[in-house]
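Visitor: In this note's numbering, the protein residues as written are 593 to 867. Beta carbons are placed, not taken as given, at the ideal position from N, Cα and C, and that holds for glycine.
Structure representation (structure tokens):
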């Protein structure tokens with residue numbers, strides 16, 4: 593039989609169909625195997641581990657057939673040493689069995705750093721140095737001086753702290769700043785929509801202080817407090833054109849998006865607060 597006769601014969605077409613069927617069968621078996629191996633479509637929410645001791649978190653993750661890895665540790669005086677203060681993926685996120693959950697735990701003791709010298713430099717220079725070493729701006733006090741905006745004293749818990757003394761990283765440092773004239777004023781910043789960290793930075797840059805910080809009922813976890821944003825402030829940007837440097841601004845924070853209302857409604861709410 594010639595090649596041409598074979599290519600148009602019934603035998604060739606039967607063998608061709610058999611080869612195609614085998615290829616399709618192999619593809620289906622391979623796809624099914626991959627589907628079973630990866631548990632395709634099977635996932636479960638990550639449990640909330642916030643506040644749990646690491647051994648309790650490990651047991652709960654094991655019950656959900658999840659692994660964990662400690663990615664970082666940070667000291668918080670509001671959390672128990674060794675407790676979970678952060679997780680990735682977040683609680684409620686859908687993951688498959690065997691997934692690794694990365695945890696941040698509260699360090700057993702705060703990291704310490706050498707106190708930098710913040711005096712005899714400008715306030716802005718002092719803030720930049722503090723941010724670079726992990727310190728936070730505390731209260732700002734103004735005193736009469738011939739050197740305007742010069743840092744005269746640095747304190748923690750009302751105690752003067754000399755340079756190179758070991759202090760806890762994240763400490764709030766109170767600064768005494770010189771002022772050449774009394775009654776100097778600054779604008780009231782619009783802090784609506786800012787996180788607490790952002791608001792503190794803006795307030796400090798204008799030589800103002802953070803007053804009361806009020807979290808609403810939507811704040812339940814440490815992650816909530818970090819994600820919360822300012823939805824009200826006092827004084828408001830509409831109630832005063834300017835306020836004296838050193839004055840305080842009270843902040844209300846929430847994670848409830850419904851509280852971020854229109855400018856008209858916000859003005860009405862702020863007028864109520866002022867009363």
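Give me the Cα-Cα distance between residue 767 and residue 655, rounded to the nearest whole angstrom.
Guide: Near 50 angstroms, if we compare the C-alpha coordinates of residue 655 and residue 767.
Visitor: If I measure Cβ to Cβ from residue 782 and keep anything under 7 angstroms in the same chain, skipping five residues before and after, which residues do I get?
Guide: Same-chain partners within the cutoff: 829.
Visitor: With a CB to CB cut of under 7 angstroms and the five nearest residues on each side skipped, what residues in its chain are close to residue 759?
Guide: Around residue 759: 704, 705, 707, 748 and 753.
Visitor: Measuring alpha carbon to alpha carbon, tell me which of 649, 619 and 851 ends up nearest residue 784.
Guide: The residue with the shortest Cα to Cα distance from residue 784 is 851.
Visitor: How long is the line joining the alpha carbons of residue 674 and residue 687, rounded to whole angstroms?
Guide: Approximately 25 angstroms between the Cα atoms of the pair.
Visitor: To which residues of the same chain is residue 606 closer than 7 angstroms at the C-beta, ignoring the five residues directly before and after it?
Guide: Same-chain partners within the cutoff: there are none.
Visitor: Comparing alpha-carbon positions, which option in 714, 778, 796 and 849 lies nearest residue 810?
Guide: The shortest Cα separation from residue 810 among 714, 778, 796 and 849 belongs to 849.
Visitor: Output the distance between the C-alpha atoms of residue 795 and residue 669, rounded to the nearest integer angstrom.
Guide: Approximately 24 angstroms, taken between the alpha carbons.
Visitor: How should residue 741 be labelled, buried or exposed, when 16 other C-beta atoms within 10 angstroms of its C-beta is the threshold for buried?
Guide: So residue 741 counts as buried.
Visitor: Look at the alpha carbon of residue 867 and the alpha carbon of residue 762, and state the distance between them as a whole number of angstroms.
Guide: In this prediction, residue 867 scores a pLDDT of 49, lower than 50, which makes its location untrustworthy; the coordinate-derived value is nonetheless stated afterwards. Distance between the alpha carbons of residue 867 and residue 762: 36 angstroms.
Visitor: Given that a residue counts as buried once 16 or more other Cβ atoms are within 10 Å of its Cβ, and exposed if not, what is residue 635?
Guide: Exposed: under 16 other Cβ atoms inside 10 Å.
Visitor: Less than 6 angstroms between C-beta atoms, sequence neighbours within five positions excluded: which residues of the same chain meet that for residue 680?
Guide: Result list for residue 680: 694, in chain order.
Visitor: Could you please give me the residues that DSSP links to residue 742 through a beta bridge?
Guide: The partner list for residue 742 (beta bridge, DSSP) reads 714.
Visitor: For the alpha helix (DSSP H) holding residue 647, just list the boundary residues, first then last.
Guide: Taken as a continuous stretch (DSSP letters only), the alpha helix (DSSP H) holding residue 647 covers 646-655.
Visitor: Rounded C-beta distance between residue 721 and residue 696? I'm assuming under 8 angstroms.
Guide: Not really, about 26 angstroms apart at Cβ, beyond 8 angstroms.
Visitor: Are residue 638 and residue 683 touching if we call contact CB-CB under 8 angstroms?
Guide: Yes. Within cutoff.
Visitor: One question on the structure: do residue 650 and residue 692 come within less than 8 angstroms of each other, judged by their Cβ atoms?
Guide: No; because the gap between Cβ atoms is not below 8 angstroms, this pair is not in contact.
Visitor: With a CB to CB cut of under 7 angstroms and the five nearest residues on each side skipped, what residues in its chain are close to residue 725?
Guide: Same-chain partners within the cutoff: 705 and 708.
Visitor: Would the beta-carbon of residue 813 fall within 8 angstroms of that of residue 642?
Guide: A contact, by the Cβ cut-off of 8 angstroms.
Visitor: Tell me which residues share the same chain as residue 644 and place their Cβ nearer than 8 angstroms to its Cβ, disregarding the 5 neighbours each side in the sequence.
Guide: The residues are 652, 675 and 676.
Visitor: Here's the rule: buried if 16 or more other CB atoms are within 10 angstroms of the residue's CB, otherwise exposed. What is residue 718?
Guide: Buried.
Visitor: List the endpoints of the continuous alpha helix (DSSP H) containing residue 789.
Guide: 788-797 is the span of the alpha helix (DSSP H), which, as asked, contains residue 789.
Visitor: Please check if any C-beta of chain B sits within less than 8 angstroms of the C-beta of residue 816.
Guide: Absent here is chain B; the protein component of the structure consists of one chain.
Visitor: Excluding five sequence neighbours on each side, which residues of the same chain lie with their C-beta closer than 6 angstroms to the C-beta of residue 807?
Guide: Only 845 meet the Cβ criterion.
Visitor: Buried or exposed, going by whether 16 or more other CB atoms sit within 10 Å of the CB of residue 788?
Guide: Result: buried.
Visitor: Leaving out the 5 sequence neighbours to the left and right, which residues in its chain are closer than 7 angstroms to residue 817 when beta-carbon positions are compared?
Guide: Here the set comprises 807 and 811.
Visitor: Go to residue 840, then tell me how far its beta strand (DSSP E) extends in each direction, as first and last residue.
Guide: Per DSSP, residue 840 belongs to the beta strand (DSSP E) from 840-846.
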